[in-house]
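Note sheet for the following structure.
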Ligand SMILES: Cc1cc2nc3c(=O)[nH]c(=O)nc-3n(C[C@H](O)[C@H](O)[C@H](O)COP(=O)(O)OP(=O)(O)OC[C@H]3O[C@@H](n4cnc5c(N)ncnc54)[C@H](O)[C@@H]3O)c2cc1C
Ligand code: FES
Ligand code: FES
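Residue numbers (the numbering used here), protein chains in the order written: chain Y, 1 to 367; chain B, 1001 to 1124.
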């Protein structure tokens, strides 16, 4: 008797779960794949969590890279005004996978090559976490941490998408740390005037708040076995991922044999942060690590930082300063670029003109 | 079929792109050092304006948006991330004038009405 009723309860539970999950079929240039998706998760996250390398960059509705066409089935679009959706052919059923949820079984088409598993990176997953250890680094830059309910393994250079209570949609933030089975993410936010997350993290509700984290994401990652010299060009908070790359390099004594050149763009001297960390990395690098703080809106009238003299100063846009300093010195370089899209595009342009191959360029656009 | 004047060859410096209006059709003229190409004004990937996002080095045109690239001498796709070929107009140079055979405006298939599977996947 007892056994029977338990079995019935199990069946009921399974049926309930199944009713919430939709079977998704994706036709791609490299074959047809299937995964299932809860009605509460976006198609992109469900597919990525299944291991599929669906095309994406920002994972948050701005870049448009994750477009797909709905061939059959119903989907719900969370953020109609997403900037990345501006060019979609909506009348043909085109959607952004990162902004759409399935309402039932669906067949989708994705105009790209897709693999069944990421080659090098971890398969991302959703995890709950709690925000803490907030620290103001400059007038508009805040360091914060998230303690995860389940540990996460991620490479130097990766990012996560964070959903905060009361805010529509997720925001992408790059980790300043890296490692295996970590239960703590270190992150940094540069406040954008009027920005939802920036206002929230600077407000009274952030400390101790429960958030949802999806990740790890991103392919602009550092792998010491590749054996390159490193060039890092970052605008503003784009420095976050570079800090994890630098700290891995220092910890693994990578800079005993390889060089790193960091170009960090901020507006004025007062906007610089992580200067102590840079000074330590320069020290540890024994001449192989160079850091230049590029000031776009101030000429400090000197070539070294007044408080951290091993950090160099320059006046101008960071991608132009990096381009001038690196001209002719790109041999065996792997370039990492992160920051606002115009800065990243400008940096890519000067690298390509400088003869850097595309496979030696890894970037994240923060917009 | 008609050969349409684009611009003078001297107006497009080596390794640059120029957007021209050829009797109402917007065309990009690219000088890759050892020759010229004429093409639609957008990137085949996500329709970015190629005259702004494109950069030419060593005969290769790269779009800085997501690094798709094409060899302008051979018109081959360059690198694994590039998933669609570049379309071009036939082009000739006469007395320093660049002319293209503009029969009808070239577009990319993602855009077209009645597109079938192959069109969507960019193989058509
Ligand atoms: C790969 C990547 C890494 C990044 N790393 C960092 C970092 O380390 N540090 C940092 O400071 N910034 C980073 N950014 C930028 C960051 O994600 C935010 O865009 C920025 O902090 C501004 O957020 P906000 O909420 O203050 O501004 P808002 O203008 O409120 O929101 C900005 C973004 O939030 C999302 N969004 C807004 N409204 C909605 C909605 N209704 N529905 C769904 N989504 C919505 C969109 O993606 C939008 O672009 C990164 C961006 C990317 C793409
Ligand atoms: S990945 Fe969906 S818009 Fe960028
Ligand atoms: S728009 Fe040109 S490569 Fe993506």
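Heads up, the beta-carbon is just placed ideally off N, CA and C, and yes, glycines get one too.
- Bounds of the alpha helix (DSSP H) holding residue 318 (chain Y) are 318-326.
- Pairing residue 336 (chain Y) with residue 245 (chain Y) gives a Cβ-Cβ distance under 8 angstroms.
- Of Y:156, Y:75, Y:33, the smallest CA-CA separation from residue 219 (chain Y) is found for Y:156.
- If you check the CB distance, residue 319 (chain Y) and residue 334 (chain Y) do not come in under 8 angstroms.
- Residue 1068 (chain B) has its Cβ nearer than 7 angstroms to a heavy atom of ligand 3.
- Among the residues facing chain B, residue 32 (chain Y) is not included, as its CB has no counterpart in that chain under 8 angstroms away.
- Taking 8 angstroms as the cut-off, the Cβ atoms of residue 1015 (chain B) and residue 1035 (chain B) do not count as close.
- In this structure, residue 70 (chain Y) lies near residue 106 (chain Y), with their beta-carbon atoms less than 8 angstroms apart.
- Within chain B, no residue has its CB atom less than 9 angstroms from the CB of residue 73 (chain Y), the nearest being about 17 angstroms off.
- The beta carbon of residue 64 (chain Y) sits closer than 7 angstroms to at least one heavy atom of ligand 2.
- Counted as a single uninterrupted DSSP element, the alpha helix (DSSP H) harbouring residue 250 (chain Y) occupies residues 239-251.
- Note that the segment 1057-1070 of chain B touches the segment 339-356 of chain Y; at least 3 beta-carbon pairs, one per stretch, sit closer than 8 angstroms.
- Residue pairing of residue 215 (chain Y) in beta bridges, as defined by DSSP: Y:125.
- The three-state reading of DSSP puts residue 341 (chain Y) in helix, counting H, G and I together.
- By the rule that beta-carbons nearer than 8 angstroms mark a contact, residue 353 (chain Y) touches chain B.
- Within chain B, the residues placing a beta-carbon under 7 angstroms from that of residue 349 (chain Y) are 1055, 1064, ordered along the chain.
- If you look at residue 361 (chain Y), you'll find it in the beta strand (DSSP E) that goes 361-365.
- For residue 151 (chain Y), the three-state secondary structure derived from DSSP is strand.
- Distance from the C-beta of residue 166 (chain Y) to the nearest heavy atom of ligand 1 is not below 7 angstroms.
- Residue 1047 (chain B) reaches chain Y at 87, counting residues in chain order whose Cβ is nearer than 7 angstroms.
- If you ignore the 5 residues before and after residue 149 (chain Y), its C-beta comes within less than 7 angstroms of the C-beta of 127, 128, 129, all in its own chain and listed in chain order.
- Per DSSP, reduced to three states, the secondary structure at residue 173 (chain Y) is strand.
- Annotation: Cβ neighbours of residue 1079 (chain B) in chain Y (cutoff 9 angstroms, chain order): 357, 358, 359.
- For the pair residue 44 (chain Y) and residue 23 (chain Y), the CB atoms are not nearer than the 8 angstroms cut-off.
- If you ignore the 5 residues before and after residue 207 (chain Y), its C-beta comes within less than 7 angstroms of the C-beta of 131, 132, 134, all in its own chain and listed in chain order.
- Between residue 1069 (chain B) and chain Y, the shortest Cβ-Cβ separation is below 8 angstroms.
- Not a single CB atom of chain Y sits nearer than 8 angstroms to the CB of residue 1105 (chain B).
- Those residues having their beta-carbon less than 5 angstroms away from any non-hydrogen atom of ligand 1 are, in chain order, Y:58, Y:60, Y:61, Y:62, Y:79, Y:159, Y:168, Y:169, Y:171, Y:172, Y:173, Y:174, Y:189, Y:190, Y:192, Y:195, Y:196, Y:197, Y:198, Y:237, Y:240, Y:364, Y:366.
- The Cβ of residue 91 (chain Y) sits no closer than 8 angstroms to any Cβ of chain B.
- For residue 36 (chain Y), there is no enclosing alpha helix (DSSP H); the enclosing beta strand (DSSP E) covers residues 31-38.
- Taken in chain order, the members of the segment 90-121 of chain Y whose beta-carbon sits within less than 7 angstroms of a beta-carbon on chain B are 109, 111, 112, 113.
- Burial is judged here by how many other beta carbons sit within 10 angstroms of a residue's own beta carbon; residue 178 (chain Y) has at least 16 and is buried.
- Taking non-hydrogen atoms of ligand 3 into account, the C-beta of residue 1046 (chain B) is found less than 7 angstroms away from one of them.
- Beta-bridge pairing by DSSP links residue 1062 (chain B) to B:1055, B:1069.
- Out of Y:269, Y:215, Y:52, the CA that lies nearest to the CA of residue 236 (chain Y) is found in Y:269.
- Inclusion of residue 191 (chain Y) and residue 222 (chain Y) in the CB contact set at 8 angstroms is not warranted, their separation being larger than that value.
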